[in-house]
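Novice: Number 635 marks the last residue of the sequence shown (numbering that gives the first Met the number 0); no jumps.
The C-beta atom is built at its ideal place from N, Cα and C for all residues, glycine as well.
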Amino acid sequence: MKQLLLLSGLLMASLGWAQVPSYYNDVDINLTGSSLRSELASKVSSTQTTNLSYTPGVWNAMKQADLDPTNSNDVILIYGYNDNDGISNTDRTRSKNENGGGSTDWNREHVYPKSLGNPNLGTTGPGSDMHHLRPADVSRNGSRSNRKFADGSGNSRITAQGHWYPGDEFKGDVARMMMFMYVRYGSRCLPKNVGVGTAASADSNMLNLFLEWNVEDPVDNYELNRNNIIEGIQGNRNPFIDNPAFATAIWNGPQAEDRFGTGTGSGGGNSLCSTTITSLPYVESFESGFGAWSQAGNDDFNWSRKSGGTPSSGTGPSSASSGSDYIFMESSSPNYSSKRAVLYSPCVNIPSSGSPQFEFKYHMYGASNMGSLSVQASLDGTNWNTIWSRSGNQGNQWRTATLNLDSFKGEKLQLRFNGVTGTTWQGDMAVDNVKFTNTTTTQPSSYDITMRITFDNYPAETSWEIRNSNNQLATSGNNYGDRTPGSTITINKTLAPGCYTLVFKDSYGDGICCAYGNGSYTLTSTSENRVLASGGSFGSTDTKTFCVPAGGKSVEENVSELSSGLQIYPVPVTSQLFINSESAIDGYRIINTLGQTVRQSDEVVSDINVSELSAGTYFIELNIEDEKVIKQFIKQ
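Below, the structure written as structure tokens:
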């Protein structure tokens, strides 16, 4: 169920189990395929102690199991989505006592339609099983009728082909109900008879549609609490609510959430690492689903897949960056203000050599207070570190972000998109074409550099030297007394890869500009086509630090002016970390790879002493003109 329902009374229904519930003590949960399906079928059949009467049994059960956690006088209506539009058949909640057959009443929806059972489910046995019965508006229930389920997006509706889309909020609920009915009642309730789509590879009676919905719309507290109440009434539980990964273990398909933490269906113990990518490149464009990416189960709402424009005007893209589909955060009510949607990547084995990167397209167009989007990284599935972020309106265009993953070489890495809506419905944020890549290149043994000097009126006073990180002299220049005042000289040198310090000197102490002439110098890496250092106006010495090849490079192609004008050096650093920015820096935070803040300051800075930090990789978050820019560095 897409919408996260918060109520202190439901907190007992935790979104993760500390251990496998005792209900499954006699079930071999390590089985897979048809063996696991048979095991679960035996369990849910043997533990059903009560067969409800259709009247009044089902009515009374719904008034217990389907109460709105924010108002215990109401029930939640499946397929509903709006209580404030004045249209009764879109209502999401209604008084629990307004049940019956009137046009503004609610009645009993057979999510697995009675008439599509083989034979008809009737009103006893499967026809009165609460695990697939839900309250629904009478009119909306009539619109659904016995239409088969089909894929879609947004609110519940009849599709162009005449099928039924249950809505983003309820499609996962529907999938798990169909799985239960198949396991509990076998050939009488085949999933293929109530849905439209391709058959699962492991079982022609199961549809990939339901396996995908099980992943795209994770279990929430409402479903968990409902499962508990129905167990108290009927005696049995829906296993696919307790652990959606059972579906993956039985029918394959995309990896669903493993709430038991046993690696069900994946062979791993970390539920967030149920799928691991072992070779690069890995690309996902969301053309036919979410692939190996998975929705969080404890956020406020889910990411949705879409083609064309988003439902709201003045926000979101009009089409995918390429292909037809992309994913986005629907920020319309009730998904704002400050509501969070999290999407997890599969785990990825980052190569120990080469240049690993994570690249994606993003679109953030809407109001200025539309919210924020970040990419966070974790090595353990628990501690998360932000390695990229943007907030506010970024313009009506797809942009490209490229994140350097060098600091994660040799690790099993998981990333997640963490989106938070702002204070407006005009805040649809979209992502497309995500890819993990690795470029293997051989680093040159040396880099060509060029020193270009324009002398002032006294060339003999000028000299310079470049020293490596061990303070050893790498190259230098002096004895320019025979040069013509105001003339220019170009000197070509080579440097081994590493970090260096340039000291440009004037023996008289007035620099080379601008008291006695207009001198200047520029040091360029011709191998990389970039300026390493430049100057002219100083006293006795002008000291600059640089690295070849470049360190602390930008993580985005279409970066803002703030990020593109920012450098941190040297990389790696031993003591003093220098920050070169065209804009004032009014605070910083240093974060380790576990996501812990190890240093923080609100002072204006241009350099930071990091000598007390332990050796390793860190991220520095800089506050620049009300934005946060993040860079990574290595401490030796």
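Three Cβ pairs or more, each shorter than 8 Å: is that satisfied between the segment 304-311 and the segment 225-234?
Specialist: Segments in contact, no.
Novice: May I have a chain-ordered list of the beta strand (DSSP E) segments no shorter than 3 residues that lie completely inside the segment 352-380?
Specialist: If we require 3 residues or more, the beta strand (DSSP E) runs fully inside the segment 352-380 come out as 354-363, 370-377.
Novice: Pull up the distance between the alpha-carbon of N140 and that of P355, whole angstroms please.
Specialist: Answer to the nearest angstrom: the Cα atoms are 51 Å apart.
Novice: Keeping to the same chain, check which residues put their C-beta closer than 8 Å to that of G508; ignore five residues upstream and five downstream.
Specialist: The residues are G538, S539.
Novice: State yes or no: is the C-beta of S311 within less than 9 Å of the C-beta of S331?
Specialist: Yes, they are a contact pair.
Novice: Skipping 5 residues on each side, what residues in its chain have a beta carbon closer than 6 Å to that of N469?
Specialist: The answer is none, since no qualifying residue turns up.
Novice: Kindly list the residues whose CB is nearer than 6 Å to the CB of N212, restricted to its own chain and excluding five residues on each side of it in sequence; keep chain order.
Specialist: Note that residue 212 corresponds to Trp in the displayed sequence, not to Asn. Cβ within range, chain order: K170, G171, A174.
Novice: Are the segment 442-453 and the segment 402-414 touching by the rule of at least three beta carbon pairs closer than 8 Å?
Specialist: As far as the Cβ criterion goes, the segment 442-453 does not touch the segment 402-414, which means the pair count is below three.
Novice: Mapping the DSSP letters down to three states, classify A495 as helix, strand or coil.
Specialist: It is coil, neither helix nor strand.
Novice: Specify, as a first and last residue, the run of the alpha helix (DSSP H) that T483 falls within.
Specialist: From DSSP, T483 is part of no alpha helix (DSSP H); its letter is neither H nor E.
Novice: Rounded to the nearest angstrom, how far is the Cβ of T48 from that of G234, given a contact under 8 Å?
Specialist: The pair is a contact, with the Cβ atoms about 3 Å apart (cut-off 8 Å).
Novice: Taking only the alpha-carbon atoms, compute the straight-line gap between F416 and G288 and give it to the nearest angstrom.
Specialist: Spanning the two alpha carbons is a distance of roughly 16 Å.
Novice: Return the chain-ordered list of same chain residues with a C-beta closer than 6 Å to the C-beta of L120, the five sequence neighbours on each side being excluded.
Specialist: Contacts found: K113, G126.
Novice: Confirm, please, whether the CB-CB distance from E620 to V609 is below 9 Å.
Specialist: Not closer than 9 Å, so no.
Novice: Residues in the same chain with beta-carbon distance under 6 Å from P316, minus the five sequence neighbours each way, listed in chain order, please.
Specialist: Hits under 6 Å: H362, A429.
Novice: Can you give me the start and stop residues for the beta strand (DSSP E) that P134 sits inside?
Specialist: First-last of the beta strand (DSSP E) with P134: 132-136.
Novice: With distances taken between CB atoms, is the gap from Y78 to S152 smaller than 9 Å?
Specialist: Taking 9 Å as the Cβ cut-off, Y78 and S152 do not qualify as a contacting pair.
Novice: Roughly how many angstroms separate the alpha carbons of A17 and S605, rounded to a whole number?
Specialist: Because A17 sits at a pLDDT of 44, beneath the cut-off of 50, its placement in the model cannot be relied upon, and the following sentence gives the value as read from the coordinates. Distance between the alpha carbons of A17 and S605: 47 Å.
Novice: On a Cα-Cα basis, can you pick out the residue from S536, V547, G534, G518 that is closest to E527?
Specialist: When each option's Cα is compared against that of E527, the closest is V547.
Novice: Contact between the segment 482-501 and the segment 515-531 is defined here as three or more beta-carbon pairs at a separation below 8 Å; is this criterion met?
Specialist: The segment 482-501 vs the segment 515-531: in contact.
Novice: Write down the C-beta distance between V214 and S293 rounded to the nearest angstrom, noting that I regard them as a contact closer than 8 Å.
Specialist: About 6 Å separates the two Cβ atoms, so the contact holds.
Novice: So if DSSP puts M428 in a beta bridge, which residue, or which two residues, is it bridged to?
Specialist: According to DSSP, M428 bridges with M328, M363.
Novice: Give the DSSP-derived three-state secondary structure of G171 in the structure shown.
Specialist: It is helical.
Novice: Count the other CB atoms, across all protein chains shown, that sit within 10 Å of the CB of P569; report buried if there are 16 or more and exposed otherwise.
Specialist: The residue is buried, with at least 16 neighbouring Cβ atoms inside 10 Å.
Novice: Ignore the nearest five residues each way along the sequence and tell me which others in E329's own chain have a CB closer than 6 Å to its CB.
Specialist: Around E329: S303.
Novice: So what does D202 bridge to, in DSSP terms?
Specialist: D202 is bridged to A199.
Novice: Do the segment 367-376 and the segment 386-396 meet, that is, are 3 or more Cβ pairs less than 8 Å apart?
Specialist: Because the criterion of three Cβ pairs below 8 Å is met, the segment 367-376 and the segment 386-396 touch.
Novice: Could you tell me whether the segment 474-492 touches the segment 451-465, using the rule of 3 or more Cβ pairs below 8 Å?
Specialist: The segment 474-492, when compared against the segment 451-465, does touch it at the 8 Å Cβ threshold.
Novice: In angstroms with no decimal places, state the Cα-to-Cα distance between S406 and L612.
Specialist: Going by the C-alpha atoms only, they are around 16 Å apart.
Novice: Grab me the residues of S344's own chain with a C-beta within less than 7 Å of its C-beta, minus the 5 sequence neighbours each way, in chain order.
Specialist: So the list reads W292, Q413, L414, R415, once near-sequence residues are dropped.
Novice: Helix or strand or just coil, what does DSSP make of R304?
Specialist: DSSP places R304 in strand when its eight states are reduced to three.
Novice: To the nearest angstrom, how far is the alpha carbon of T525 from that of F545?
Specialist: Each residue's alpha carbon lies about 14 Å from the other.
Novice: Please classify G551: does DSSP put it in a helix, a strand, or coil?
Specialist: Because the pLDDT of G551 is 33, which lies under 50, any placement of that residue in the model is unreliable, and the number read from its coordinates should be weighed accordingly. The answer is coil: DSSP assigns G551 none of H, G, I, E or B.
Novice: So, for L35: in the same chain, excluding its five sequence neighbours on each side, which residues have a beta-carbon less than 6 Å away from its beta-carbon?
Specialist: Once the five neighbours on either side are set aside, the close Cβ partners of L35 are A248, I249.
Novice: With DSSP run on the structure shown, which of helix, strand or coil describes S87?
Specialist: S87: helix per DSSP, three-state reduction.
Novice: Drop a sphere of 10 angstroms on the beta-carbon of G99, count the other beta-carbons inside from all chains shown, and report buried for 16 or more, exposed for fewer.
Specialist: The residue in question, G99, is exposed, as its Cβ has fewer than 16 Cβ neighbours within 10 Å.
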